[in-house]
Each structure stands twice: as structure tokens, then as C-alpha cells.
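Participant: What follows is a single structure, and I will ask about it in a moment.
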């Protein structure tokens with residue numbers, strides 16, 4: 414199976430972290446064309462840019478919404494405008510997956526290695542990384558399904 418292509422809707426949204434966790438190709442900023450996983454954060458500007466990017470994609474990408482603030486729940490702390498924008502884009506993506514904010518990465522020497530370790534077989538995940546690991550593990554079946562679809566999911570569907 415091929416490796417997924419991951420791109421962000423703007424800088425600083427967590428594209429490299431998600432690509433590292435999925436062992437995917439990191440395409441940096443989305444510039445049009447095919448993308449398997451599109452990454453944004455739970456802010457109004459990021460979701461507005463997501464709408465533009467999804468409109469350019471030749472098939473429905475998976476959307477990963479990274480929380481922009483710490484929150485005890487698994488879902489990003491969506492404000493009403495953010496929630497409305499997320500609901501508006503949801504029908505145009507294969508699936509939308511929320512990924513929590515991980516404040517400890519700001520203090521880590523190599524956060525991308527931490528992210529890459531969450532899917533390592535038998536690897537113990539530190540407690541501060543368990544919510545992120547659960548979100549990534551939940552994302553994997555959706556990525557595998559998308560990658561097996563020879564036509565990818567057409568936006569016209």
C-alpha cells in the first residue's frame with residue numbers, strides 16, 4: 414500500500430506532526446492537486462482556508478483538525494463559528510478527525526520522533542501522549558480505506 418500524502422492548509426497547523434505520526438509524505442502547504450490527508454487547526458482562519466483547499470482537491474481528502482488549545486476532551490474546543498465552519502466542510506471530505514493539542518511538544522527535543530512512535534508496535538506511549546495516540550490510531554483505518562480506493566473519493570459523488 415502506498416504512503417499517504419499529507420498537506421496543511423496553512424503553516425503551523427501540525428502537518429509535519431501528523432505526517433510523522435502516519436509515516437506519510439509531508440507535502441508542507443497544500444498547493445492544489447491530490448492530497449490524502451489535509452491538516453488544519455480549530456480556528457476560523459484555518460477552517461476558511463480549508464474550504465478553499467477542499468474545493469481544489471480532485472477527490473475527498475481526510476481532514477484532520479488539530480486543536481489549537483489544550484483541552485481535556487478528545488475534541489478540539491470548538492467555538493460556535495469554528496463548529497459551524499467545520500460542519501460546512503464536513504460533507505466535502507472523506508472523514509473529519511479531531512486531534513488534541515499536545516502542550517508537552519513545545520518542550521520536547523524531537524516532537525516528530527514522539528509522533529512517529531505512537532504507531533510503533535508494542536511501543537509504550539507516555540500518559541501525556543495517550544489522547545494523541547488514540548486519535549492517530551483512530552485515523553489509520555480511514556487512511557487505509559482511502560489509499561485502497563483506486564479512484565479515491567470523487568468530489569462529484
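Residue numbers (our numbering): 414 to 570.
For every residue, glycine included, the Cβ atom is placed at its ideal position computed from N, Cα and C.
(1) Just to confirm the assignment: which complete beta strand (DSSP E) runs, minimum length 3, are found wholly within the stretch 475-535?
(2) Run through the DSSP bridge pairs and tell me what residue 454 is partnered with.
(3) With residue 463 and residue 481 assumed to form a contact (beta carbons below 8 Å), what rounded beta-carbon distance in angstroms separates them?
(4) Tell me which residue opens and which closes the alpha helix (DSSP H) that residue 551 is part of.
(5) Check the Cβ-Cβ distances between residue 440 and every residue of chain C, and say whether any is below 9 Å.
(6) Just verifying my parser: in three-state terms, what is the DSSP assignment at residue 572?
(7) If contacts are defined as beta-carbon pairs under 8 Å, then residue 510 and residue 468 qualify, I think. What distance do you get, rounded to the angstrom?
(8) Indicate whether residue 430 and residue 479 have their beta-carbon atoms separated by less than 9 Å.
Facilitator: Let's see:
(1) For the stretch 475-535, whole beta strand (DSSP E) runs of length 3 or above, ordered along the chain, are 475-479 and 508-512.
(2) Residue numbering aside, residue 454 sits at position 41 when the chain shown is read from its first letter. For residue 454, which the question treats as bridged, DSSP gives the partners 479.
(3) To locate residue 463, count along the chain shown from 1; it is residue 50. To locate residue 481, count along the chain shown from 1; it is residue 68. About 13 Å separates the CB atoms of residue 463 and residue 481; that is not less than 8 Å, and the two are not in contact.
(4) Counting from one through the chain shown, the residue named residue 551 turns up at place 138. Counting along the chain, the unbroken alpha helix (DSSP H) around residue 551 starts and ends at 543-561.
(5) Of the chains in the structure shown, none is chain C; there is only one protein chain.
(6) Lying outside 414 to 570, the shown extent of the chain, residue 572 is not represented and no answer is given.
(7) Numbered from its first residue, the chain shown carries residue 510 at position 97. Numbered from its first residue, the chain shown carries residue 468 at position 55. Not really, about 20 Å apart at Cβ, beyond 8 Å.
(8) Position 17 of the chain shown holds residue 430. Position 66 of the chain shown holds residue 479. Their beta carbons are under 9 Å apart, which means residue 430 touches residue 479 by this criterion.
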